[in-house]
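*Asks:*
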Amino acid sequence: MGLGVSLILIAAGAIMAWAVNVDTTGFNIHTVGYILLVVGIIGALLSLIFWSSWQGPGTSRGASASSTTGTSERPRRPFAGRASGPARSFA
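Anchor point for the sequence shown: position 18 equals 56 in this note's numbering, and the numbering is continuous, going up by one each time.
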């Protein structure tokens, strides 16, 4: 669950807990609102805690590209169609 989903859950829970005035039988809509609030807050806290550990797509969990190459660029993968031997000259 991302931070955006957590904020939506918090907003929906706050609306259901405090802004809606409905008498229902079978379940209490205010209780559902409080549950959504708690789940949203827990999700937001977990998203913020693990935010720094997420490196994005294309990077490994090991050492980052900047620590191994000295630059901030991602390492390039070799082109699949390129010949692996020395360059040939057609003269």
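Here a beta-carbon is modelled for each residue, glycine too, at the ideal position from N, C-alpha and C.
In this text the structure is predicted, and so the values were computed from the model without any measurement.
1) With a CB to CB cut of under 8 Å and the five nearest residues on each side skipped, what residues in its chain are close to isoleucine 48?
2) Could you tell me the alpha carbon to alpha carbon distance between alanine 52 and serine 91, rounded to whole angstroms?
3) Let me confirm a value: glycine 71 is counted as buried when at least 16 other C-beta atoms fall within 10 Å, else exposed. Which label applies?
4) Tell me whether glycine 71 sits in a helix, a strand or coil according to DSSP, three-state version.
5) Return the CA-CA distance between leucine 86 and valine 43, expressed in angstroms with no decimal places.
6) Which same chain residues, not among the five before or five after glycine 40, have their C-beta less than 7 Å away from its C-beta?
7) Let me know the secondary structure DSSP gives tryptophan 89 once reduced to three states.
8) Roughly how many whole angstroms lie between the Cα atoms of valine 60 and isoleucine 67?
*Replies:* Short version:
1) Same-chain partners within the cutoff: Leu74, Leu75, Gly78, Ile79, Ala82.
2) Straight-line spacing of the CA atoms in alanine 52 and serine 91 works out to 30 Å.
3) With 16 or more other Cβ atoms within 10 Å, it is buried.
4) Taken through DSSP and simplified to helix, strand or coil, glycine 71 comes out as helix.
5) Between leucine 86 and valine 43, the C-alpha separation is close to 13 Å.
6) Here the set comprises Ser85.
7) Note: tryptophan 89 maps to coil in three-state DSSP.
8) Taken atom to atom, the span from the alpha-carbon of valine 60 to that of isoleucine 67 is near 8 Å.
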